[in-house]
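Number of protein chains: 4
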Amino acid sequence: MVVNSSRKLINLDQHDDYLDVDDKPKEECGVVGIYGDPEASRLCYLALHALQHRGQEGAGMVTVENKVVKSVTGIGLVSDVFNESKLDQLPGDMAIGHVRYSTAAGSSSMLKNVQPFVTSSKFGSFGVAHNGNFVNYQLLRAELEGKGSIFSTTSDTEVVLHLIAKSKARIFALRALEACEKLQGAYSLVFVTEDGKLVAVRDPFGFRPLVMGRRKNGAIVFASETCALDLVEATYEREVHPGEMVLVDDTSKEPQSMYLLKPHPPEPKSCIFEHIYFAQPNSIVFGKSVYESRHAFGEILATESPVEGCDVVIAVPDSGVVAALGYAAKAGVPYQQGLIRSHYVGRKFIEPFQKIRDFGVKLKLSPVRAVLEGKKVVVVDDSIVRGTTSSKIVRMLKEAGAKEVHMRIASPPIIASCYYGIDTPSTEELISNRMKVEEIRKFIRADSLAFLPTDSFRKLLGSDHTNFCYACFSGKYPLYPSVAMEESIDDTMKLTVAAN
Amino acid sequence: MVVNSSRKLINLDQHDDYLDVDDKPKEECGVVGIYGDPEASRLCYLALHALQHRGQEGAGMVTVENKVVKSVTGIGLVSDVFNESKLDQLPGDMAIGHVRYSTAAGSSSMLKNVQPFVTSSKFGSFGVAHNGNFVNYQLLRAELEGKGSIFSTTSDTEVVLHLIAKSKARIFALRALEACEKLQGAYSLVFVTEDGKLVAVRDPFGFRPLVMGRRKNGAIVFASETCALDLVEATYEREVHPGEMVLVDDTSKEPQSMYLLKPHPPEPKSCIFEHIYFAQPNSIVFGKSVYESRHAFGEILATESPVEGCDVVIAVPDSGVVAALGYAAKAGVPYQQGLIRSHYVGRKFIEPFQKIRDFGVKLKLSPVRAVLEGKKVVVVDDSIVRGTTSSKIVRMLKEAGAKEVHMRIASPPIIASCYYGIDTPSTEELISNRMKVEEIRKFIRADSLAFLPTDSFRKLLGSDHTNFCYACFSGKYPLYPSVAMEESIDDTMKLTVAAN
Amino acid sequence: MVVNSSRKLINLDQHDDYLDVDDKPKEECGVVGIYGDPEASRLCYLALHALQHRGQEGAGMVTVENKVVKSVTGIGLVSDVFNESKLDQLPGDMAIGHVRYSTAAGSSSMLKNVQPFVTSSKFGSFGVAHNGNFVNYQLLRAELEGKGSIFSTTSDTEVVLHLIAKSKARIFALRALEACEKLQGAYSLVFVTEDGKLVAVRDPFGFRPLVMGRRKNGAIVFASETCALDLVEATYEREVHPGEMVLVDDTSKEPQSMYLLKPHPPEPKSCIFEHIYFAQPNSIVFGKSVYESRHAFGEILATESPVEGCDVVIAVPDSGVVAALGYAAKAGVPYQQGLIRSHYVGRKFIEPFQKIRDFGVKLKLSPVRAVLEGKKVVVVDDSIVRGTTSSKIVRMLKEAGAKEVHMRIASPPIIASCYYGIDTPSTEELISNRMKVEEIRKFIRADSLAFLPTDSFRKLLGSDHTNFCYACFSGKYPLYPSVAMEESIDDTMKLTVAAN
Amino acid sequence: MVVNSSRKLINLDQHDDYLDVDDKPKEECGVVGIYGDPEASRLCYLALHALQHRGQEGAGMVTVENKVVKSVTGIGLVSDVFNESKLDQLPGDMAIGHVRYSTAAGSSSMLKNVQPFVTSSKFGSFGVAHNGNFVNYQLLRAELEGKGSIFSTTSDTEVVLHLIAKSKARIFALRALEACEKLQGAYSLVFVTEDGKLVAVRDPFGFRPLVMGRRKNGAIVFASETCALDLVEATYEREVHPGEMVLVDDTSKEPQSMYLLKPHPPEPKSCIFEHIYFAQPNSIVFGKSVYESRHAFGEILATESPVEGCDVVIAVPDSGVVAALGYAAKAGVPYQQGLIRSHYVGRKFIEPFQKIRDFGVKLKLSPVRAVLEGKKVVVVDDSIVRGTTSSKIVRMLKEAGAKEVHMRIASPPIIASCYYGIDTPSTEELISNRMKVEEIRKFIRADSLAFLPTDSFRKLLGSDHTNFCYACFSGKYPLYPSVAMEESIDDTMKLTVAAN
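As given, the protein sequences belong to chains A, B, C and D, one line each in that order.
Residue 0 is where the first sequence starts when you use numbering that gives the first Met the number 0, and the numbers rise one by one after that.
Residue 0 is where the second sequence starts when you use numbering that gives the first Met the number 0, and the numbers rise one by one after that.
Residue 0 is where the third sequence starts when you use numbering that gives the first Met the number 0, and the numbers rise one by one after that.
Residue 0 is where the fourth sequence starts when you use numbering that gives the first Met the number 0, and the numbers rise one by one after that.
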């Protein structure tokens, strides 16, 4: 949610080493909304915990009781930010929450950018949590500043606050609607207002997920993924639809629904990468089981790119596991834990050992010689971004005795950066933008390499196929970033964009 | 600088016990500006240290280099907030800084209110530090919110940012001028802008102090008091005048000056309490030596309210010491250290011992039996606010053997709350508003009690006399708070205000 | 390593809720020794990281350079305790390190118990790190105190320091040998001395693991498991043998070896639970691949306790995964990820949600409906201790749609508490000590339940079989705790012990 | 209490800059004991606060209830170490406490050295707090280590624990007595035992102070100074006498007294520097008012070293104030606050500004031009150690306009380092050891300089005169440090010692 231009810069310079360990795109946030439960803040805490994989560097919550809006935000994991006493400071039966992926160290300016944001306006205070990215942020901000607005964060989310405050509409939902109709880009937003309204809204393309559920006591729960509903024991009802705004307050028994008409009517383009990498396997995202998608990706790979006489199928854990199981099942080859992942490696862990040498992936992944020695190995990963990690994994497997290493990637080649809420490196850095598959294979020194064919999505998703965004694989963006954003893109990138 | 209405509330409820230990009004802030020194952040750090007595609960600094604005703020003393590495994050040859007195515990919302504030607007980023209180804050905020502005703090200072951003003027100084002309109340402000301008301005009444000095290398230094100039080895040049705005940038060799014409032309009403209590004795404030003022107050007391046959003159340290020395000198009676002040008592110290009993003043002040035993004692304090501390001091002195205790107060009775940047209790709580001098004497159980006669100021200040604000002693306010503020004032207070 | 008696108490009272989430025995520590590498502290840091699963609550390191012994210890993970600057404070080419599982919260007394311990004696300073438990600690301590020794920790490890200091032998290795010959119980110890000697020793039963490896530059590395050797790129050479003391210093090119003769000659009784649960699957422990052992346990279960017509095999992650893969492979049934484990659940996480209800296992494990719905499920776990978690897992799986749940446990029933370095609940709490298998099945509401038959070990290990300790499964202890310890054992336990 | 040898080293190397700001000897600790009050820990907290001037870098407390010994220690001020919840962890009606001056930064090894120490021995646990310095520490430690004792701290206090544990006596008081009879040096010790005994003891020379008082409820209070008794509302009864051990337990209504017979019978040599500098002016120390002593020192200076025609007498605050008042009173010249001391300057404050230049004293002391300009000034300080600060003060006063600066020192020249619990620089660094008075005057550029004549003590103290230690002024030590200690003394020092 931090503006795209600066984000790209940070990736290149500061976090290269860290990203190297993972070489994955980074999801930028999860959101939660709870309405009508006396334990709202505790439920929100649990739901945020369930969404922790969507952002580990900041968390926050806003509650409302008796027209008083309270907020706690902080740097770190959900369990770092909240404790018993902090939750006690958040009374009331409605709450919104946010987990955040972020790129800057623990500075005081960073804390400013941790959501939910709360602001005060003429019709009272309200809070907002945002997952996504506004591609016309720079234009909107310039326009607002031109009219004398001041900005206190570097987050694109702040423009929503201004747009809402500037709306002449009488009631909050209409103000929010009017504001959203000016936004372009990817967003799943939840709002809570001083006077007790909870509003959830998803952009007309529906890039980012947002679901709605209900607890036995009637409390309504919104969350980025269904795994959060499960943990708070809410039953999944449905997605918030692309372009839909859902309002919950005490004037009606049921949540009420409105649709955005601008900048264009709903036109679903859900992010396929949620199914490939971001979401938890136990979630239902965009109406489909993530586990089943990944398993099917693995099965397709086994069918399309089989490895004759392979001994064992292993995964790059954790994200490659389900696809690897699918591959193994389809291929009739045993799945084994050939790589073990350490769960104690955080960003701060990496600093001290750099003086010895580049340990890279070794800290996070350990090979199991008993599984690998003398074997013809198929290793399944979910995606390749810059390729640096893949080459280290191949070397690691061979050093642990693998006779052959055949890499299978449960997604097509990533050739274009994302502008809709995912933090991918610049297009220039994407290995699949620079090399053909065979070149990549040589670069990572695998005995064979295959990606998921793009048209697998068509087979798998059927008529739903057109409802997804594949821009990172095709370079065909449903929506272009605004001029101001393009200026911050390097030349190579612009050419690439132009070419599509 | 936190808005008056909530402040009053906090005094009454939360900090009663703490204030009890001191029973003094609280200064609300000190400001610093440095222009043209390569060590700007380090000098600013020293200057803030020298102003630490003006605010101990938060500190911050903003510097500018190459159009990049950097900021560090934090809770606590200057030395808690800054260290070598933090100062290294603040490069550049210009800086503004702030120390803050505040009333709320270390919550994340508190940190938001720590100054300087930095904001971004269409003509770039700028920072501001503020000492004072805008009496038309509520009206201005309502007006701005009515036009769609959003507020992210509860500090009155935020309105200045909005007003500046909304100005149509082309250059920053004119924007700031236009904004200030809409402000009513007490303020000494320093600004720094992205494009390298430093601006210092004082309200037309000049309630709060602000001085200008110069280092040998030509660097210009603004500060609330001259003691800050001394520490950074800047020579005191002059006050920033009431209603004056001073601009320093690289377009001219000398600071340039403009004057506010609205809401009214300059009409000096400097806060006499700076001389009585707030400022450091080694400062020159409003062109006069604070030490000399306090010494003279003591001398006047000795002349007007002598104590026949007294043995010793002592002070309530630290603020009563200079007046006590004046009293002793004039009366020809030895001054002794009859009370010793502990410098290890902070707010957090007080919590654990409350379970035993109300130790109150005992933790901060210790009597010296060797000085007091069997003596007829004159004890000089600078002021009485609620009277609770004074009665404890009298009892403490008698328990330590004093035969008689004659209290002399180096200021007139305080009968009215302040709206110009000082945090006094509500008028209702002021003992001198509720009791006559003789009643107070009985209440505190002193053998005699005398205040400084109000007309001493006339004698002492001569023709300058009319340039000071005595509202806390007279109830005659140079400027009324806005309607919105009055609504937050309790009834007693309104009557008092009306009566004047 | 904290004394057994108090440990039992703590389990019962304080950590019930936490243990409930896991219901596993707790390993009590990992140790590391590095000799002859200029990057000793950084290598030790990496090795401790690789052993992090053996203790997450405290870590420490001691290095020696130029006769100066330096030490850093702290509460938390290895990455919490050390950073670049801390490692820079630990110069030298030899280091010992320790990770610790512990039971008490972050008190100052806790910090005292974090190892390695450093002490000063007449022949200089030395440090020690200990994995294990001395069963004659109470007797030794009483004896030492009787002679006037004072104790500054509550850890049994401290007696070694005293025994070494009291030895009359001239050189350190002989002092250590003499001391160890007085110890009874389980221990793998590493020492480092002021004058540059590194000593590693394992008790005559060899209960706890300790391996030796070598880096390309000739540096010698000792560690609890081979996974630590792998990370520091040391080649595994061999185990330190039961009853063996290995000395490394600059007087010889090769490590030198001595054997303890008292209290009895070496008689291997290695802890089988290392293969069942504690060690990393990629480690070689007691000369055998942990992965292969667990896979074989699963295969045996599939053979001995098949489930007719089952649809899917799942694991209780992470410790049950390898056995589940073995089961699935042998049974020819697909393995799937039916339970997903959260890696963000630490002890502090659990506090706030307890007010809602007992979420127990739900926070750590999430079921995958896509895998479970309508299926006949085999779920493999490594062990059952108190049974509370198992019953929650069965319920969770059924709620997620499983038609039948058949639990398979990759170890025999645990019927007796451990005195050799593992923190198991008291015998009274062990479900298998209180119930028969069928009763347990009913208690956990599984459709079937089977444990690994005890004689599987014989089959699997062949002639090595007699070299392992199975006390937790048989109640037949190779070594009894001392009288003082027994007194702290509850009556039930004593009966059990007597019965064997 | 940290061993002398290392201490000297640290002074020279690490803390030069910090000491420079003060140039005073450092007191090394204050102790407290409370017996028979249900609020023991809170009273102890207050008493430690009252003794905060005796040590600001560490604090701790030990309480006993129902045979359970509890301890809290930490780095920092009393109010940093304790809070409500920490005090709640310290139940019981008896407590001992300690404040500590120390020289090393916040390392984990430092925390080990924070007192009170608690240890466990065959007759149970006990705690000890120590003010002083054992001159035969090295010998005792070598002897104990020779017998196999191990040491876990670098503090000389630890030997007492060993000596007590090694005693064969049946009851604690006799064990402690036996141990103390082996100690040589300066000590005021308080002990508390598991079985509810409080013991206070002072060395036969009585170098360091220790007083006894009683609260209205009968509770007995021991403390280094009477100011601690005052704060806890205990009435001062008497000193613990040199060589006396006082035992309080529930077997007798009154404290019971014993005397040490070894190494020699009581022979009072109280530290005169307590009256000159360390103690609070409101304390009674060694039976005399500190305030009166200092006032008299000032009076003597005025008589012996008058300054013809001087205009004003000022003090170097805070320690020089009382002597300055004495001087002013005797000389009939007005006393003024010519220097103001900042109370916000801690050690950490100093780091960042060093890059600008050596601000030294300026941060702590500010001159008052209104007092000094054009004046002939007498400035009174309590002592001169290395002389660096004095020269800066003289320059500061002259820069602030003083016409002449006449420095008067309220103690004789310090020519020898202390071995009895005071941290003075090595003899080599003492300016009075290297220069004659006139040379010092030139060095500090004062217009005149005079010290207190040594025989003033005789006049002032009368027959008590011989009961004080003047070693720092005479080099005549009542007790020599042990051989081991001497070895750590540089050559110059040894010569000096030999010469006396």
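Virtual Cβ for every residue (Gly too), placed ideally from N, Cα, C.
Check: Beta carbon of residue 209 of chain A, beta carbon of residue 239 of chain A: below 8 Å?
Finding: yes
Next on the checklist: Strictly under 8 Å for the Cβ-Cβ distance: is residue 144 of chain C near chain D by that measure?
Outcome noted: yes
Can you tell me which of the three DSSP states residue 258 of chain C falls into? strand
message = Measuring only the C-alpha atoms, how far is residue 176 of chain A from residue 192 of chain A?
response = 14 Å
Quick one: what does DSSP say residue 275 of chain A is sitting in, helix, strand or coil?
-> helix
*So is residue 226 of chain C in contact with chain A if we call contact Cβ pairs under 8 Å?*
Closer than 8 Å: yes.
| said: What does DSSP give as the partner residue(s) for residue 293 of chain A in the beta ladder? | reply: Under DSSP, no beta-bridge partner is assigned to residue 293 of chain A.
Practice problem: Mind checking the segment 151–179 of chain D against chain C and listing, in chain order, the residues whose C-beta falls within less than 7 Å of any C-beta there? | Solution: 151, 160, 161, 164, 165
Runs of 3 residues minimum, wholly inside the segment 117–182 of chain A: which ones carry the beta strand (DSSP E) assignment? 123–133
Notebook entry, point to check: Is DSSP giving residue 385 of chain C helix, strand or coil here?
Noted result: Looking at residue 385 of chain C - three-state DSSP - the assignment turns out to be coil, as it is neither helix nor strand.
_Less than 7 Å between C-beta atoms, sequence neighbours within five positions excluded: which residues of the same chain meet that for residue 401 of chain A?_
Result list for residue 401 of chain A: 371, 374, 376, in chain order.
Is residue 63 of chain A closer than 8 Å to residue 91 of chain A when the C-beta atoms are compared? yes
Exercise. How about residue 147 of chain B: is its C-beta nearer than 8 Å to some C-beta of chain A?
Worked result: yes
- Query: Is it the case that the Cβ atoms of residue 408 of chain B and residue 451 of chain B are separated by a distance below 8 Å?
  - Reply: yes
Pairwise C-alpha distance: residue 247 of chain C and residue 172 of chain C:
10 Å
Alpha helix (DSSP H) segment containing residue 440 of chain A, residue limits:
Counting along the chain, the alpha helix (DSSP H) containing residue 440 of chain A begins and ends at 436–443.
Review point. Is there at least one Cβ from chain D nearer than 8 Å to residue 121 of chain C's Cβ?
Key: yes
* Asked: In whole angstroms, what is the alpha-carbon distance linking residue 100 of chain A and residue 261 of chain A?
  -> Computed Cα separation, rounded: 29 Å.
Complete runs of the alpha helix (DSSP H) confined to the segment 306–380 of chain B [at least 4 residues]: 320–330, 346–349, 368–371
Considering just the uninterrupted stretch of the alpha helix (DSSP H) at residue 460 of chain A, what are its terminal residues? Here the alpha helix (DSSP H) through residue 460 of chain A covers 455–460.
For this session: Flag this pair as yes or no: are the beta carbons of residue 276 of chain A and residue 298 of chain A separated by less than 8 Å?
Result: no
- prompt: Are the C-beta atoms of residue 318 of chain D and some chain B residue less than 8 Å apart?
  reply: no
Candidates B/81, B/344, B/23, B/389: closest to residue 40 of chain B by CA position: B/81
Cα-Cα separation between residue 440 of chain C and residue 237 of chain A, rounded to whole angstroms:
38 Å
Fill in: chain A contact for residue 62 of chain B (CB, 8 Å cutoff)
no
Would you say residue 465 of chain B reaches chain A, if we count a Cβ-Cβ gap shorter than 8 Å as a contact? no
* Asked: What did DSSP end up calling residue 514 of chain B once you bin it into helix, strand or coil?
  -> Here chain B has residues from 0 to 499 only, and residue 514 of chain B is not among them.
* Status (buried if at least 16 other CB within 10 Å, exposed otherwise) for residue 479 of chain D -> With fewer than 16 other Cβ atoms within 10 Å, it is exposed.
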